[in-house]
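Heads up: the sequence shown is residues 2 to 329, going by my numbering.
Report on one structure; see the data block that follows.
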Amino acid sequence: MGTQAEVLLKVENLRKYFPIRKGILVQRKVGDVKAVDGVSFEVKQGETLGLVGESGCGKSTTGRTLLRLMEPTDGKIFFAGKEINNLPPSQMRSMRNQMQMIFQDPYASLNPRMTVGDIIGEPLLIHGLADNVKREQKVRKLLDVVGLSPYHGARYPHEFSGGQRQRIGIARALSVNPKLIVCDEPVSALDVSIQAQVVNLLEDLQEEFGLTYLFIAHDLSVVKHISDRVAVMYLGKIVELANYDELYKSPLHPYTVALLSAIPVPDPNTHKERIILKGDVPSPVNPPSGCRFHTRCPRAQEVCKQTDPEFRDAGNGHQVACHFAEQN
Ligand code: SF4
């Protein structure tokens, strides 16, 4: 990907809160689950941005909110230079051709009563993009593109393996010629041997169709080979974002350091000490004061409890939110 590529997606201070209500007759709002709490990033045309964090950190909600499958609580979303957070549903529907999603559980996201051909062709039908003949031709081509056979179009999702079902989900996302695909943990439910095949397929398709990916995963090892840049999320916020080479070689945030220490090293002679974080991820209803990571951070100091570190540029486009990043 060229460094001069245009920005395709820009997210500014995105927030998604889910209200908590209590009461039997009258439901009162008593708080919010702050699933996404002020997230900003850009994805350039043709780039893959990896978005990584433990489950519950808000990464999937970020993906769904920026596609407006969930309405944002606050913040701005720009797609191809156009602000889309306030677009009325009719305009957003036509915009959605260009922004598709691949889901973690391919089986749950495929209608078991529809043939694979109908599933792949459904977005074309919904958006009125092709008549029956053209739709059939396109479905056949898409089956081929994702490594399936034309006769698979007449079968049902339960007749396929997990990896094949994810290929069907990818073909469906591709049917409307999107520019951006949000890949929401697309390989987490698959066997390790199949994961590599699906990641390779996504890479090939990116090259063939000039796609841009936001690739969500809970593990830094999964996004390593596919990402140009990687953003690390903790409790609703991005804590570090850098070029993938730089992030893996010189992580600045203690949370990233801990995540990296959990990746197994293939060489048995290399010893790597794993950093075990103490405690659980705190509740997003009532996140810790100051730096949200201070309750688990091995390097926390007094100031960390009081002051939320700014998400700042540490040079070379490497951004981090830690008071002591340069000492880590
Ligand atoms: Fe740890 Fe403090 Fe940095 Fe937060 S600001 S990551 S608590 S050292």
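All residues carry an ideal CB built from backbone N, CA and C; glycine is no exception.
In the pairwise beta carbon analysis, the segment 196-212 is classified as not touching the segment 278-290: fewer than three pairs are separated by under 8 angstroms. Given a length threshold of 4 residues, each whole run of the alpha helix (DSSP H) inside the segment 22-98 is given here in chain order: 60-67, 90-96.
When secondary structure is reduced to three states using DSSP, F294 falls in the coil class, being assigned neither helix nor strand. Of D106, V44, I277, the smallest CA-CA separation from L191 is found for D106. The secondary-structure analysis by DSSP pairs M100 across a beta bridge with L181. Remark: C-beta atoms of H319 and C305 do not approach each other more closely than 8 angstroms. Distance check between G118 and each of G129, Y108, E137 places E137 closest, using alpha-carbon atoms only. Residue range 255-262 is occupied by the alpha helix (DSSP H) that includes T257. As a beta-bridge residue in DSSP terms, M234 pairs with I239. Placement of the Cβ of A301 at a distance of less than 7 angstroms from at least one heavy atom of the ligand SF4 is found. The DSSP-derived three-state label of P20 is strand.
Of the residues D309, N270, I277, the one whose Cα lies closest to the Cα of P289 is D309. In terms of Cβ geometry, S228 and L50 form a close pair [threshold 8 angstroms].
Burial is judged here by how many other beta carbons sit within 10 angstroms of a residue's own beta carbon; I127 has fewer than 16 and is exposed.
Closest in alpha carbon position to R16, among G24, D33, R22, is D33. In this structure, the C-beta of P255 approaches the ligand SF4 to less than 7 angstroms from one of its heavy atoms. The alpha-carbon of V147 is positioned some 10 angstroms away from that of Q167.
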